[in-house]
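*Asks:*
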């Protein structure tokens, strides 16, 4: 007796969806729906989906983050990231209860197939080096004590996937003011990119609400 599983692949590549559709263990019947980043929310509303596979080769990491945040708030689905980049720090994408799997850009189709099979069986497939923080949390915590209330608000807004313009509108200030707050906050917490700031904020600012 087959167990029917409903998954969605968020990608601009039809070839990827076709390749994935051939990789399932025989004891599962996976119904695969393809969506683009623009229509994924509509597809999520259409049916009960247990997993959302996001192709980072064709979906911007910021958009991928927004999609996962939406899933976290509205659905019980889990998320897998394919073509996860090695060159940039994208750990802000990893959510402890939502992210089920991560596959690097150089993962073979066989590796992806085996990993998805393990995820189908209830396991998580995330590289060990991404699970554990690289280690300078304590020094970053010291910087957090020096953040102003407004800098904390701006960092917290990053967690919702907001752009600088969105944050400026929320806080009724100019975009240039937001850029200044971000620059100062980045220096205080010891990060150099938006992605690193989001990863830091997930750990240290989870109790702050706008």
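In the numbering used here, the protein residues as written are 206 to 415.
Backbone N, C-alpha and C define an ideal beta-carbon position, used for all residues, glycine too.
Treat the numbers as computed from the prediction; the structure is a model and nothing was measured.
Please check the pair residue 242 and residue 264, which I expect to be a contact at CB under 8 Å, by giving their CB distance rounded to whole angstroms.
*Replies:* For the purposes of this step, residue 242 is taken as residue 37 along the chain shown, with counting starting at 1. For the purposes of this step, residue 264 is taken as residue 59 along the chain shown, with counting starting at 1. Right, their Cβ atoms sit about 5 Å apart.
*Asks:* Flag this pair as touching only if the segment 286–301 and the segment 246–254 have three or more C-beta atom pairs under 8 Å; answer yes or no.
*Replies:* no
*Asks:* Spatial neighbours of residue 335 within its chain, please: C-beta separation below 7 Å, excluding the five flanking residues on both sides.
*Replies:* By 1-based counting over the chain shown, the position of residue 335 is 130. Cβ neighbours of residue 335 beyond the five flanking positions: 296, 299, 307.
*Asks:* Within this structure, are the beta carbons of residue 402 and residue 363 separated by less than 8 Å?
*Replies:* Your numbering for residue 402 matches position 197 in the chain shown. Your numbering for residue 363 matches position 158 in the chain shown. Yes, they are a contact pair.
*Asks:* With respect to the beta strand (DSSP E) encompassing residue 260, which residues constitute its N-terminal and C-terminal limits?
*Replies:* The count along the chain shown starts at 1 and reaches residue 260 at position 55. Element bounds for residue 260: 256–260.
*Asks:* May I ask you to list the residues that DSSP assigns as paired with residue 306?
*Replies:* Taking the first residue of the chain shown as position 1, residue 306 is located at position 101. In the DSSP output, where bridge partners are listed per residue, residue 306 has 285, 330.
*Asks:* Is residue 303 closer than 8 Å to residue 330 when the C-beta atoms are compared?
*Replies:* For the purposes of this step, residue 330 is taken as the residue at position 125 of the chain shown. For the purposes of this step, residue 303 is taken as the residue at position 98 of the chain shown. No, these two residues do not count as a Cβ contact at 8 Å.
*Asks:* Do you know offhand how far residue 356's Cα is from residue 267's?
*Replies:* For the purposes of this step, residue 356 is identified with residue 151 of the chain shown, where counting begins at 1. For the purposes of this step, residue 267 is identified with residue 62 of the chain shown, where counting begins at 1. One C-alpha to the other measures close to 20 Å.
*Asks:* Leaving out five residues before and five after residue 404 in sequence, what residues of the same chain have Cβ atoms less than 6 Å from its Cβ?
*Replies:* In the chain shown, the residue the question calls residue 404 occupies position 199. Result list for residue 404: 296, 297, in chain order.
*Asks:* Below 8 Å on the Cβ atoms is my contact criterion, and I expect residue 239 with residue 216 to pass it. Report the Cβ-Cβ distance as a whole number of Å.
*Replies:* Along the chain shown, read from residue 1 onward, the residue named residue 239 stands at position 34. Along the chain shown, read from residue 1 onward, the residue named residue 216 stands at position 11. With 8 Å as the limit, residue 239 and residue 216 qualify as a contact, their Cβ atoms being about 7 Å apart.
*Asks:* Using the DSSP secondary-structure output, state which residues sit across from residue 237 in a beta bridge.
*Replies:* The count along the chain shown starts at 1 and reaches residue 237 at position 32. According to DSSP, residue 237 bridges with 212.
*Asks:* If you drop the 5 nearest sequence neighbours on each side, which residues of the same chain put their C-beta closer than 6 Å to that of residue 310?
*Replies:* Along the chain shown, one-based indexing puts residue 310 at 105. Here the set comprises 288.
*Asks:* Rounded to whole angstroms, what is the Cα-Cα separation between residue 352 and residue 396?
*Replies:* Translated into positions along the chain shown, residue 352 becomes position 147. Translated into positions along the chain shown, residue 396 becomes position 191. Those two C-alpha atoms are separated by around 13 Å.
*Asks:* Alpha carbon to alpha carbon, how far is residue 413 from residue 390?
*Replies:* Counted from its first residue, the chain shown places residue 413 at position 208. Counted from its first residue, the chain shown places residue 390 at position 185. Because residue 413 carries a pLDDT of 39, less than 50, the predicted location of this residue cannot be relied on, and no value is offered for it.
*Asks:* Rounded to a whole number of angstroms, what is the C-alpha to C-alpha distance between residue 366 and residue 358?
*Replies:* Within the chain shown, numbered from 1, the residue matching residue 366 stands at position 161. Within the chain shown, numbered from 1, the residue matching residue 358 stands at position 153. Distance between the alpha carbons of residue 366 and residue 358 is about 13 Å.
*Asks:* Would you decide whether residue 234 is buried or exposed? Buried here means 16 or more other CB atoms lie within 10 Å of its CB.
*Replies:* Taking the first residue of the chain shown as position 1, residue 234 is located at position 29. Label assigned to residue 234: exposed.
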